[in-house]
Amino acid sequence: MIYFWRPRRKLEMPRNKLKCISILLILLLALSLTGFGCWELPKTPLSPKAPVETAPEEAERPIPTKGLRFIVFGDNRPANPESPQPKMFKQLIKQMELDQPDLVFSMGDMVMGKTQDPTLYRRQYLDFLEIIEELDVPFYAAAGNHDAYNSIGQSLFQELINPDLYYSLDYGDSHFILLNTDIVDQAGKIAEPQLSWLKQDLEAHKDASHIFVFMHRPPYSVMNPESKKSKHISFVDTENRDEIRGLMRSYGVDVVFAGHEHFFNKQVHDGVTYIITGCAGAFPYADAEHGGIFHYTLVEIDKEVRITVVKLGGGRIDPDSIPTPKF
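Our numbering applies: residue 46 is where the sequence shown begins, and numbers increase by one.
Below you can see the structure in the form of structure tokens.
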């Protein structure tokens, strides 16, 4: 029911009462003929200061997670700062469209970076975005070491990808957390204040049906498992990695996704699945048998979480069938 309200005004009574009554009768007759005579007034009069609430045009309803499909990919970057995006990445984007995802996540290294030229760095980002926009679905990314190679890259990430360096979102009854392992001067770890934010975010969403965590550098590196090698380092120390592992276990995280290492790999630690999906265009670091294939990861939620590796050309692979490469 809609109520019309106007402030009261002081009316001056006409001197000729008969004329006043006649006018009133004419007005009542006109109202009855035009259909504006049936107003239902509120039992409690509205005051000039009372707020008037209106129903939203469309009631908000939670999006069911059952039937959710999302895609995760990483490391599509070209081989040098001047090069365009790899053709393999463009082909994978076409394949992603056929899978009709609800959401798409990048594990970083979307661009090559490695430049002090702001114009060139921006062009790299715009080249990437021109391709990713073909998907026409919500897109979220975790920054990689090439995306945030320096303060120029980090600023462009905040301008063009997401204003927050780390953030989270909800879709239906699932919660998604995007961390940043490559904040300038904090690369290779989840340091403060990000670590405290992560703890608070996990606690606030501990009742979610599913929790997925995304980051660029994998907590459990295949190439550098003990963080002792100087080449292509992931987490800089095992203490920070183990603290992250404890949080993932304590809050029942379903899957932790990462990139950085250019192949597909699946591990399980304390009941939590850790996936590296880092070869969506950048050159592979392993042979095809051990996951060194151009690919993306498709995640489907129905009664359970189902993960499929989709390689360039459309072939589908069971992630458990891919052995871990040796370095």
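From the three backbone atoms N, C-alpha and C, an ideal C-beta is built for every residue, glycine too.
query                                                                                                                                                : result
Can you give the Cα-Cα distance for D347 and R114, rounded to whole angstroms?                                                                       : 9 Å
In this structure, how does DSSP classify E345 when only helix, strand and coil are distinguished?                                                   : strand
Can you give me the Cβ contacts of V281 inside the same chain, cut-off strictly under 8 Å, excluding the 5 residues immediately before and after it? : A232, G233, K234 and S272
Please classify Q231: does DSSP put it in a helix, a strand, or coil?                                                                                : coil
Let me know if A327 comes out buried or exposed under the rule of 16 or more other beta-carbons within 10 Å of its beta-carbon.                      : buried
Answer with buried or exposed for Q145, where buried requires no fewer than 16 other C-beta atoms within 10 angstroms of its C-beta.                 : exposed
Quick one: Cα of Y296 to Cα of L247, how far?                                                                                                        : 7 Å
Thinking C-alpha only, which one of H307, D315 and L210 is nearest T322?                                                                             : H307
Can you tell me where the alpha helix (DSSP H) holding L292 begins and where it ends?                                                                : T283 to S295
Looking at the structure shown, is Y185 part of a helix, part of a strand, or coil, going by DSSP?                                                   : strand
With burial defined as no fewer than 16 other Cβ atoms inside 10 Å of the residue's Cβ, what is the status of P208: buried or exposed?               : exposed
Could you work out which residue in F309, H335, D315 and H314 is closest to C324 when comparing CA atoms only?                                       : F309
For P238, count neighbouring Cβ atoms within 10 angstroms of its own Cβ and tell me buried if that reaches 16, exposed if not.                       : exposed
Output yes or no for whether 7 Å exceeds the beta carbon distance between V149 and F184.                                                             : yes
Starting from Q312, follow its DSSP beta bridges and name the residues at the other end.                                                             : Y319
With a cut-off of 8 Å, do at least 3 Cβ pairs link the stretch 169-182 to the stretch 340-356?                                                       : no
By the DSSP assignment, the alpha helix (DSSP H) with D246 in it spans what residues?                                                                : Q239 to A249
Within 10 angstroms of its Cβ, does Q245 collect 16 or more other Cβ (buried), or is it exposed?                                                     : exposed
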